[in-house]
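Undergrad:
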Amino acid sequence: MEILTRAREFRVCSWTLDEYLNAIKDDEVFQSVSQCLDAPAVLPDEEMSRAAMVESKYYYAGGSCRYMFHFRTATVATKLSDAVDSFNDAATVATSDQRSSSSINRLFGMFQRPRVVGTVSPVISQYVATLIAVRCGPEAIKKLMSTYQDSSNPALNSWMLEMVFFANLRNGGLALVDAAGNTVDTWSQSVIVVTDGIPALSSAQPVWIKPEKWNQGGYDAIMVCKRTQHVRFVQVTSAHKHSFRISHFYRWLKMLSESPESFEVKIMEIIFVVEQDKLSTFDFSTVTGNGLLVPFGWPKGKETDLSINDAT
């Protein structure tokens with residue numbers, strides 16, 4: 001058939017975030033696709049700029065131009081979730097070239113290697129990686145991570161540490177180490193509840209919460225133990241610097257205090273988890289909201305006395 005029709009295969013690389021941002025600078029292009037850029041705002045009550053609309057949708061669509069510009073966010077999330085659910089072995093699919101006909105054009109992208117000829121085919125977006133992380137162990141996620149680091153799309157490299165964190169927490173627990181490699185704490189294996197609200201809190205066992213909203217500012221996970229009256233906020237980051245906006249923690253604690261699950265918080269921790277080689281130089285780029293945590297026992301001026309560790 002190819003000889004008769006002179007057809008040739010043409011493989012198109014997935015789009016990077018920068019390419020999307022350049023495309024929507026054109027007014028005509030933006031107007032034609034704006035109705036599909038409907039993912040939640042990056043910040044609450046934000047007046048969504050074009051860039052913010054694309055960045056929010058990028059979490060779901062990733063490198064798929066079709067998902068970015070042709071489908072609404074809810075449809076994209078459903079299609080990708082259904083494709084992940086169709087896997088017989090998510091760990092195998094995540095770390096090998098095995099592809100099923102129902103998922104190849106949904107879950108995997110194709111990006112140019114940054115320094116050598118050739119391409120790599122990681123999963124298409126952070127949303128997909130999050131779904132796979134629920135079903136895979138930490139070793140599978142680490143293999144995914146190594147694939148991303150060989151991609152020309154830098155946005156894909158920034159969030160894999162979070163996937164390793166949750167995969168470890170779901171599968172055997174994890175240890176936190178300081179810059180010298182000394183273990184400073186261990187966190188036991190735990191079921192993780194995905195919600196933006198206050199779930200039912202067991203009086204016997206700690207409950208780990210992962211925000212449903214992908215762009216929740218301030219923290220990536222919360223551990224709540226009603227028995228010991230303990231709340232731990234965790235921010236996972238691969239950056240050398242990170243903002244510290246205390247209002248995010250205050251709002252969640254206030255929501256807890258007004259919920260049926262309310263209790264007096266006697267122990268509160270805010271922990272930043274970063275890669276070990278960045279521990280000694282990690283710093284805050286911005287600190288706002290000083291004094292907001294006073295009602296919860298954190299003295300004003302002591303907000304930046306934080307624990308910064310690496311999870312292994």
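When we follow UniProt numbering, the leftmost residue of the sequence shown carries the number 1, and every step to the right adds one.
Ideal Cβ positions, reconstructed from N, Cα and C, are used throughout, including at glycine.
Since we're looking at a predicted model, the values are computed, not measured.
#1: For residue 253, collect the residues of the same chain with a Cβ closer than 6 Å to its Cβ; drop the 5 residues on either side in sequence, then sort them by chain order.
#2: First and last residue of the alpha helix (DSSP H) that includes residue 165?
#3: Can you give the beta carbon distance from residue 256 to residue 226, rounded, assuming they're within the 8 Å contact cut?
#4: Name the DSSP beta bridge partners of residue 240, please?
#5: Only counting runs of 4 or more residues, tell me where the alpha helix (DSSP H) segments fall wholly within the region 44-78, in order along the chain.
#6: Could you tell me the boundaries of the alpha helix (DSSP H) in which residue 255 lies?
#7: Our contact map puts residue 233 next to residue 269 with C-beta atoms below 8 Å; I'd like the distance itself, whole angstroms only.
#8: Pair every Cβ in the region 25-40 with every Cβ in the region 67-83, then say whether three or more of these pairs are closer than 8 Å.
#9: Using only CA atoms, which one of 267, 213, 160, 198 lies nearest to residue 40?
#10: Under the three-state reduction of DSSP, which class applies to residue 35: helix, strand or coil?
#11: Sort 50, 61, 293, 66 by Cα distance to residue 231 and report the nearest one.
#12: Please work out which residues of its chain come closer than 8 Å, Cβ to Cβ, to residue 283, disregarding the five sequence neighbours upstream and downstream, and give them in chain order.
#13: Does DSSP put residue 176 in a helix, in a strand, or in coil?
#14: Taking the Cβ atom as the reference point for each residue, do residue 50 and residue 24 lie within a distance shorter than 8 Å?
#15: Indicate the three-state DSSP secondary structure (helix, strand or coil) for residue 125 in the structure shown.
#16: So, is residue 301 buried or exposed, given that buried needs 16 or more other C-beta atoms within 10 angstroms?
#17: Do you know whose CA, among 86, 125, 250, 170, lies nearest residue 56's CA?
#18: Closest by CA to residue 160, which one among 86, 220, 20?
#19: Since residue 19 is in the alpha helix (DSSP H), which residue starts that stretch and which ends it?
#20: Rounded to a whole number of angstroms, what is the C-alpha to C-alpha distance between residue 13 and residue 19?
TA: This is what the structure holds:
#1: Taken in chain order, the residues that qualify are 296.
#2: Per DSSP, residue 165 belongs to the alpha helix (DSSP H) from 160-170.
#3: That belief does not hold up - the Cβ atoms of residue 256 and residue 226 are roughly 10 Å apart, past 8 Å.
#4: The bridge partners DSSP lists for residue 240 come to none.
#5: The qualifying runs are 50-61, 65-69.
#6: Counting along the chain, the alpha helix (DSSP H) containing residue 255 begins and ends at 246-257.
#7: About 7 Å separates the two Cβ atoms, so the contact holds.
#8: Cβ pair count under 8 Å is three or more, so yes.
#9: Of the listed residues, the one whose Cα sits closest to residue 40 is 213.
#10: The three-state reading of DSSP puts residue 35 in helix, counting H, G and I together.
#11: Nearest of 50, 61, 293, 66 to residue 231, Cα basis: 293.
#12: Non-local C-beta neighbours of residue 283 in its own chain, meaning closer than 8 Å and more than five positions away in sequence, comprise 240, 241, ordered along the chain.
#13: Strand, per DSSP.
#14: A contact, by the Cβ cut-off of 8 Å.
#15: Looking at residue 125 - three-state DSSP - the assignment turns out to be coil, as it is neither helix nor strand.
#16: Residue burial is scored here from C-beta neighbours: residue 301 has fewer than 16 other C-beta atoms within 10 angstroms and is therefore classed as exposed.
#17: Closest in C-alpha terms to residue 56, from the list 86, 125, 250, 170, comes 125.
#18: Nearest option by C-alpha distance: 220.
#19: Unbroken alpha helix (DSSP H) run through residue 19: 17-23.
#20: Going by the C-alpha atoms only, they are around 11 Å apart.
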